[in-house]
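J.: Please find one structure pasted underneath; my questions will follow.
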Amino acid sequence: MSLRTNFTDDLSALPTHAFSYRSLTWWGIIGFMVIEGVAFAVAAAAYFFLMSHEQEWAPRPWEPPNLIAGTLFTIVMLASEIPNTMVKKAAEKYDTAAVRRLLPWIVGIGVLLLVIRGFEFNSLNVLWYENAYGSIIWALLFLHATHIATDWMDTVVLWRLMRTPHGEEPRRLVDVDENALYWRFVWLTWLPIYLLIYWVPRFFR
Amino acid sequence: MTSALEKAKAPPAKVPRDGPRLTGDKLHARLSATWERPRGFIGWLSSVDHKDIGRRYIVAALVFLALGGALAVAMRLQLSRPQNDLIGAARYNEIFTMHGTTMMFLFAVPVMQGMQIYLTPLMVGTRAVAFPRLTAFSLWTYIAGGCLLWIAFLLNVGPDIGWFAYPPLSGPQYGVGKRPDIWAQMVTFTEVAALAVAVSLTATILKQRAPGMTLARMPIFVWATLVTSLMVIFSMPSVALASSFLLSDRLVGTHFYNPAERGDALLWQHLFWFFGHPEVYIIFLPATGFVSEIVATFSRRSIIAYPIVVLSLVATGILAFGLWVHHMFATGLPRVGYSFFTAASMSVSIPTGLQIFAWIATMWTGRPRMQVPLLYVIAFIITFVIGGLTGVMIAAVPLDLQLHDTYFIVAHFHYVLIGGAVFPLLGAITYWFPKATGRMMSEALGKISFWMIFLGFQLAFFPMHISGLLGMPRRVYTYPAGMGLELPNLLSSIGGLVVALAVLLFVINMLASVRRGRLAPANPWDGTSLEWATTSPPPSYNFAHIPVVDSQSPLWDGKGELAVVHGLRVEERELLLTTVMSATPDVRDPSAHPSPWPVIAAAALTVMFVGSIFSPWAVLFGTVPLAIALTAWFWPKTKEPTLEPSIS
Amino acid sequence: MSRVAALILPLALCGCAGFQNALGGDGGEGANFVRLFVLFTAVCTFMYLLVMAGLFAAVLRRRRNADELTVDTGKHHESAPLVTRALAAWAILIGIGLMALTVASFFTDRSNAAITRDPQLSVKVTGNQWWWDVQYSFADTSKSIRTANELHLPVGVRAEVTLESNDVIHSFWIPNLAGKQDLIPGRVTDIQLVPRKTGLYRGQCAEFCGVQHAHMALDVTVESKAEFLRWAAAQLQPAPAPRTPLELAGYRYITTRECSVCHNLSGTPASASVGPDLTHFASRRSIAAGTLPMNKGNLYGWVADPQSQKPGTKMPTIGLSPDELHAVVAYLQRLK
Numbered sequence: 001m002s003l004r005t006n007f008t009d010d011l012s013a014l015p016t017h018a019f020s021y022r023s024l025t026w027w028g029i030i031g032f033m034v035i036e037g038v039a040f041a042v043a044a045a046a047y048f049f050l051m052s053h054e055q056e057w058a059p060r061p062w063e064p065p066n067l068i069a070g071t072l073f074t075i076v077m078l079a080s081e082i083p084n085t086m087v088k089k090a091a092e093k094y095d096t097a098a099v100r101r102l103l104p105w106i107v108g109i110g111v112l113l114l115v116i117r118g119f120e121f122n123s124l125n126v127l128w129y130e131n132a133y134g135s136i137i138w139a140l141l142f143l144h145a146t147h148i149a150t151d152w153m154d155t156v157v158l159w160r161l162m163r164t165p166h167g168e169e170p171r172r173l174v175d176v177d178e179n180a181l182y183w184r185f186v187w188l189t190w191l192p193i194y195l196l197i198y199w200v201p202r203f204f205r
Numbered sequence: 001m002t003s004a005l006e007k008a009k010a011p012p013a014k015v016p017r018d019g020p021r022l023t024g025d026k027l028h029a030r031l032s033a034t035w036e037r038p039r040g041f042i043g044w045l046s047s048v049d050h051k052d053i054g055r056r057y058i059v060a061a062l063v064f065l066a067l068g069g070a071l072a073v074a075m076r077l078q079l080s081r082p083q084n085d086l087i088g089a090a091r092y093n094e095i096f097t098m099h100g101t102t103m104m105f106l107f108a109v110p111v112m113q114g115m116q117i118y119l120t121p122l123m124v125g126t127r128a129v130a131f132p133r134l135t136a137f138s139l140w141t142y143i144a145g146g147c148l149l150w151i152a153f154l155l156n157v158g159p160d161i162g163w164f165a166y167p168p169l170s171g172p173q174y175g176v177g178k179r180p181d182i183w184a185q186m187v188t189f190t191e192v193a194a195l196a197v198a199v200s201l202t203a204t205i206l207k208q209r210a211p212g213m214t215l216a217r218m219p220i221f222v223w224a225t226l227v228t229s230l231m232v233i234f235s236m237p238s239v240a241l242a243s244s245f246l247l248s249d250r251l252v253g254t255h256f257y258n259p260a261e262r263g264d265a266l267l268w269q270h271l272f273w274f275f276g277h278p279e280v281y282i283i284f285l286p287a288t289g290f291v292s293e294i295v296a297t298f299s300r301r302s303i304i305a306y307p308i309v310v311l312s313l314v315a316t317g318i319l320a321f322g323l324w325v326h327h328m329f330a331t332g333l334p335r336v337g338y339s340f341f342t343a344a345s346m347s348v349s350i351p352t353g354l355q356i357f358a359w360i361a362t363m364w365t366g367r368p369r370m371q372v373p374l375l376y377v378i379a380f381i382i383t384f385v386i387g388g389l390t391g392v393m394i395a396a397v398p399l400d401l402q403l404h405d406t407y408f409i410v411a412h413f414h415y416v417l418i419g420g421a422v423f424p425l426l427g428a429i430t431y432w433f434p435k436a437t438g439r440m441m442s443e444a445l446g447k448i449s450f451w452m453i454f455l456g457f458q459l460a461f462f463p464m465h466i467s468g469l470l471g472m473p474r475r476v477y478t479y480p481a482g483m484g485l486e487l488p489n490l491l492s493s494i495g496g497l498v499v500a501l502a503v504l505l506f507v508i509n510m511l512a513s514v515r516r517g518r519l520a521p522a523n524p525w526d527g528t529s530l531e532w533a534t535t536s537p538p539p540s541y542n543f544a545h546i547p548v549v550d551s552q553s554p555l556w557d558g559k560g561e562l563a564v565v566h567g568l569r570v571e572e573r574e575l576l577l578t579t580v581m582s583a584t585p586d587v588r589d590p591s592a593h594p595s596p597w598p599v600i601a602a603a604a605l606t607v608m609f610v611g612s613i614f615s616p617w618a619v620l621f622g623t624v625p626l627a628i629a630l631t632a633w634f635w636p637k638t639k640e641p642t643l644e645p646s647i648s
Numbered sequence: 001m002s003r004v005a006a007l008i009l010p011l012a013l014c015g016c017a018g019f020q021n022a023l024g025g026d027g028g029e030g031a032n033f034v035r036l037f038v039l040f041t042a043v044c045t046f047m048y049l050l051v052m053a054g055l056f057a058a059v060l061r062r063r064r065n066a067d068e069l070t071v072d073t074g075k076h077h078e079s080a081p082l083v084t085r086a087l088a089a090w091a092i093l094i095g096i097g098l099m100a101l102t103v104a105s106f107f108t109d110r111s112n113a114a115i116t117r118d119p120q121l122s123v124k125v126t127g128n129q130w131w132w133d134v135q136y137s138f139a140d141t142s143k144s145i146r147t148a149n150e151l152h153l154p155v156g157v158r159a160e161v162t163l164e165s166n167d168v169i170h171s172f173w174i175p176n177l178a179g180k181q182d183l184i185p186g187r188v189t190d191i192q193l194v195p196r197k198t199g200l201y202r203g204q205c206a207e208f209c210g211v212q213h214a215h216m217a218l219d220v221t222v223e224s225k226a227e228f229l230r231w232a233a234a235q236l237q238p239a240p241a242p243r244t245p246l247e248l249a250g251y252r253y254i255t256t257r258e259c260s261v262c263h264n265l266s267g268t269p270a271s272a273s274v275g276p277d278l279t280h281f282a283s284r285r286s287i288a289a290g291t292l293p294m295n296k297g298n299l300y301g302w303v304a305d306p307q308s309q310k311p312g313t314k315m316p317t318i319g320l321s322p323d324e325l326h327a328v329v330a331y332l333q334r335l336k
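Protein chains in written order, with this note's numbering: chain S, 1 to 205; chain A, 1 to 648; chain H, 1 to 336.
Here's what the structure looks like:
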């Protein structure tokens, strides 16, 4: 027995793209953000678990990491939110020209951040194979470094794509909007990790 | 050239669209041309059709079930007599490790996800999953991980540290060679695959439901899929981190699990079981979804207390995250902490108890038809409840301290996993086989293999409660005579052979029925959910027109009619996004074309992951081909932007 | 499939006489386990029978067309009036049952803790791949007993067993007496034992610890206080001297050749602690942590080729000549 078809609404006038929670890829990005957020939370839990075995943290004779590189990174990272927000707003207004102007700035800041990150690894005052304290702070810094690297790579690809005629496609502007959202996630997750790597080892000695 | 702003405001293009003027055979021809995968081997590899991906997931999982089952038969032969010398200690330890690892990582989760991938778009009334290429990528990633493990085993470098690989046994000092690394990296493969599927299914369920299918009108299986996908997202990162820390301890000298350098062997147990406990509910909850669908159809009425059943799924999903320390009661942690986990472990049985009530009440108030799918549901209730009750026992610390790590636990988890997940799965396969293949499975052969597996299972696993109480620990390749263990072990071994034969019969039934089964109509069981509104098997585009629903049982309430919306493009892959809460039509979204890039990206990922078993530099260098593959994947393949968007 | 069978069957199979039997109940904690297990089995069986009654009634009951709530009568969305109340009653019943069981579990835990307060005997057990290092300490700290793969306990006396591991995670389990406790490297755990019945029991490692996990057992002797003190006094003696020329040759081999690299015999030059202490080896009931019963034939087999008896064990197969083998076994048999 086959069913009789009863036609109701004509949907041809619906848009073919939308921003924020109306976009399917937005949900994908949120999904990945939750996954990575949980990974960071679990890493933080491991950090506190290992810390609970110690009388001091950072355990002597190891000194806590130097503050300069990490704090510089944090400042640059937070400052990058300014062009990031500008890109996001431009995308929402379909201003492809503005997006094309602003994306190279994000790419450049990303390079700067990766360089500073290299200096951070060098100034942790402990190596990953020396003890579990070293292992966990290297792990936290490494996990976040991979975030910066992958989001930077995404931004580079998007920058090149926007310079082609595809840049005038509304769905590409949705991509730019979502990439900017992900950049916010990258620095938001940095803030607690910054505290765990640089400040908590100063408070428990 | 039009600017983005102009495009955004442009009226819909004048292209062919489905509707009253384009329907029936003419529509079928146009939609098939658009949605079918290309011919040839590359076309086969490039498929992003969720029905292909789902079927392949299920077939691969069943292959791993057979391999894991063969290992079980080997173990049972060795244990059929005390002091047996069929299999030596080292080989036996590899075999039980491979059995558990294969069943948990390569069969149980993938088969459930495979069923979810196949069924979800059909049940919610859409044409594809949300991220078709990501789903295809996850299939190949999963298969690569399974091959890594099994090729290593066949080359005699398989893992031998148990399926949960506790350090320091799995650590650099005592886990000699590359065996634990292969295990840990296989975990990475399968967990990447599972997470990708979970994201895809969550987005599909939230954004692609048919107009009118509010959350309160979704089939219960779709609710189960949503809850388990969220559980995957929240639990798998923990095991990913745990196995990465293990690989890092072994490869580059970190000390996460090394007590000599301020690490802790128990860190592994916490990280692993924080994933490991939700994992078993990730396997069980989809099975309860199968049961709800089958009970409703075969009782010829809707599930009683639908809101309670849904809340039970959600509550179980949440509570499952608060139980993990019950795997660690013997490790000497503070007793006051244990009390919390006892209380939580006990209370997780309440939602499941309510679901059982709902199923029985549905059968009571309906008219049950004793066909094979319902038989498996009855076997499920009889068997799973025993496992659940032994679970209540071991939630109590004084009982667990005797029973932990004995064959009593082996009995418990096989009762809940086989009784609670495999029985519903076999019923579900029988139930949806006609939809997927267009043919019915043999009812007679189905009943024979049903009775064999049900009774064989009891013979195999009930005696294990006794051998555990009589002092038989887990993971032993032999046991002494004179402890009373001979009879239970012999019975278990005989039962194991019966189960193996029964599963073989079931598979034979599947294979024979694909070719010679009775032809099946669109709705052979008179089900009510949307998958029964399309042909058996469904066309590549699932539905001729996107359906509209206004009840929780659309086909029973439709009175022979199916309301549909129309206006979607036919020359380009297009589906409908609706709003999350009220499922109002919102956006016309393109769907991805077939593409070889998911396979290529999975291959690049495989090279990176396998390389990093041997050298940390592989992590760095391996990102290059992966980045290239991913960029090619997303870069638009059309020369010019098109009139209305596409994804290629 | 009832829970009652789980209780009767083991008793039928072993007649309560199992020596590695969780239902033995031969220790304070062990007896508590049996009581709690019986309670849980009873409650769980009751709940199971209720579910089965409901299931079979639902499946087997005869239907009358008029009051069916199915698609065919168009009432497939309706629910029978009693259902809501029955559901609530069921939920309450489950809740009460679980609470009762949780409270019973809690009280058993407290009872276990009370039974074992103020221990009078201190033992330290260190887990190794695949043997147990057992040390008794006394108030007089100059006296200590070191043995391997066996535990002697005086009946009725509370013993505190401290647990450590030299390598991987093991688990200490003497089911007749008590539940298990893990031995975790880098941590110290403990378990309290109060044996209530004299007898010979067996314990076994219960956490997978490598290739010979299956052969890591512990011979447990629960005896009267007088017998225990006699055993302890004998253990405090140094290794017995050889009495025949063959035993002397064996003594010389053991204390100067490969054996002395790993083993300790008190009062002799052999004083390594890599492997089990052998001072009173022949007084034990088994060889190699329960792998082989202690007798002359098995001693020959073990010493000649440990790798074939327990493949993967840390004791190497040395390849003794027949004369060396006779001598070594002869002296080992002297070590009572």
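Every residue, glycine too, gets a C-beta built ideally from N, C-alpha and C.
From a predicted model like this one, the values you see are computed outputs, not experimental measurements.
Is DSSP giving K9/A helix, strand or coil here?
T.: The residue you call residue 9/A lines up with position 9 of the second sequence. Residue state, collapsed to three classes: helix.
J.: What residues from the segment 99 to 120 of chain H come within 9 Å of chain A, judged by C-beta to C-beta, listed N to C?
T.: M99, L101, T102, A104, S105, F106, T108, D109, S111, N112 and A113
J.: Based on the DSSP output, what are the partners of W130/H in its beta bridges?
T.: Here residue 130/H refers to the residue found at position 130 of the third sequence. In the DSSP output, where bridge partners are listed per residue, W130/H has none listed.
J.: Could you tell me which whole alpha helix (DSSP H) segments of length 4 or greater appear in the segment 301 to 365 of chain A?
T.: 306 to 319, 335 to 347 and 349 to 365
J.: Give the DSSP-derived three-state secondary structure of P585/A in the structure shown.
T.: The residue labelled residue 585/A in the question sits at position 585 within the second sequence. It is a strand residue.
J.: Would you tell me roughly how many angstroms separate the C-alpha atoms of T73/H and G558/A, rounded to the nearest one?
T.: Working through the third sequence from its first residue, we reach residue 73/H at position 73. Working through the second sequence from its first residue, we reach residue 558/A at position 558. Roughly 15 Å separates the two Cα atoms.
J.: Which residues, taken in chain order from the segment 92 to 116 of chain A, show a beta carbon closer than 7 Å to some beta carbon of chain H?
T.: N93
J.: Going along chain S, which residues have a C-beta under 7 Å from K178/A?
T.: Position 178 of the second sequence, counting from 1, holds the residue named residue 178/A. Result: empty, since nearest Cβ-Cβ is about 19 Å, beyond 7 Å.
J.: Determine the extent of the alpha helix (DSSP H) in which P81/H is found, giving its start and end residues.
T.: Position 81 of the third sequence, counting from 1, holds the residue named residue 81/H. Looking at the DSSP string, P81/H is not in any alpha helix (DSSP H), and its letter there is neither H nor E.
J.: Nearest chain A C-beta to R171/S closer than 8 Å, yes or no?
T.: Working through the first sequence from its first residue, we reach residue 171/S at position 171. Using beta-carbon distances, R171/S counts as an interface residue toward chain A, with a partner under 8 Å.
J.: Does N21/H come within less than 8 Å of chain A when only Cβ atoms are used?
T.: As a first step, residue 21/H is located in the third sequence; it is residue number 21 there, counting from the start. Yes, its Cβ sits closer than 8 Å to a Cβ of chain A.
J.: Quick one: what does DSSP say R146/H is sitting in, helix, strand or coil?
T.: Here residue 146/H refers to the residue found at position 146 when the third sequence is read from its first residue. In this structure, R146/H counts as strand in the three-state DSSP scheme.
J.: Consult DSSP for R566/A and reduce its assignment to one of helix, strand or coil.
T.: Within the second sequence, numbered from 1, the residue matching residue 566/A stands at position 566. First, the amino acid is wrong: residue 566/A is His here, not Arg. In the structure shown, H566/A sits in a strand (DSSP, three-state: E or B).
J.: Can a CB atom of chain H be found closer than 8 Å to the CB of L401/A?
T.: To locate residue 401/A, count along the second sequence from 1; it is residue 401. Chain H contact via Cβ: present.
J.: Against chain C, with Cβ distances strictly below 8 Å, would N32/H count as a contact?
T.: Protein chains S, A and H are contained in the structure displayed, whereas chain C is not.
J.: Under 9 Å Cβ-Cβ, which residues of chain S neighbour H566/A?
T.: The residue given as residue 566/A occupies position 566 in the second sequence. By Cβ distance, chain S contributes F7, T8, D9, D10, L11 and S12.
J.: Let's see if you can read the secondary structure: which residues bound the beta strand (DSSP E) around E164/H?
T.: By 1-based counting over the third sequence, the position of residue 164/H is 164. A159 to S165 is the span of the beta strand (DSSP E), which, as asked, contains E164/H.
J.: Which residues in the same chain have their Cβ closer than 6 Å to the Cβ of A13/A, if we skip the five residues on either side of it in sequence?
T.: Within the second sequence, numbered from 1, the residue matching residue 13/A stands at position 13. Apart from the 5 residues on each side of it in sequence, A13/A sits with its Cβ closer than 6 Å to the Cβ of L643 and E644 in its chain, given in chain order.
J.: Are at least three pairs of beta-carbons, each pair with one atom in the segment 52 to 70 of chain A and one in the segment 111 to 129 of chain A, less than 8 Å apart?
T.: Contact holds: three or more Cβ-Cβ distances are below 8 Å.
J.: Beta-carbon within less than 6 Å of G246/S's beta-carbon, same chain only, minus the 5 sequence neighbours each way: which residues are those?
T.: For chain S, the structure presents residues 1 to 205; residue 246/S sits outside this window and is missing.
J.: Ordered along the chain, which non-local residues of its own chain (more than five positions away) have a Cβ less than 7 Å from that of A69/S?
T.: Taking the first residue of the first sequence as position 1, residue 69/S is located at position 69. Closer than 7 Å at the Cβ level, and outside the excluded window around A69/S, lie I116, F119, E120 and S123.
J.: Buried or exposed: A89/H, going by 16 or more other Cβ atoms within 10 Å of its Cβ?
T.: Here residue 89/H refers to the residue found at position 89 of the third sequence. Exposed is the call here.
J.: Quick check: the Cα distance between M440/A and S513/A, rounded to an integer number of angstroms?
T.: Locating residue 440/A in the second sequence gives position 440, counting from the first residue. Locating residue 513/A in the second sequence gives position 513, counting from the first residue. Taking the straight line joining both Cα atoms gives about 7 Å.
J.: So A212/S is in the alpha helix (DSSP H); what residue range does that whole segment cover?
T.: The structure shown does not extend to residue 212/S, since chain S is modelled only from 1 to 205, so the question has no answer here.
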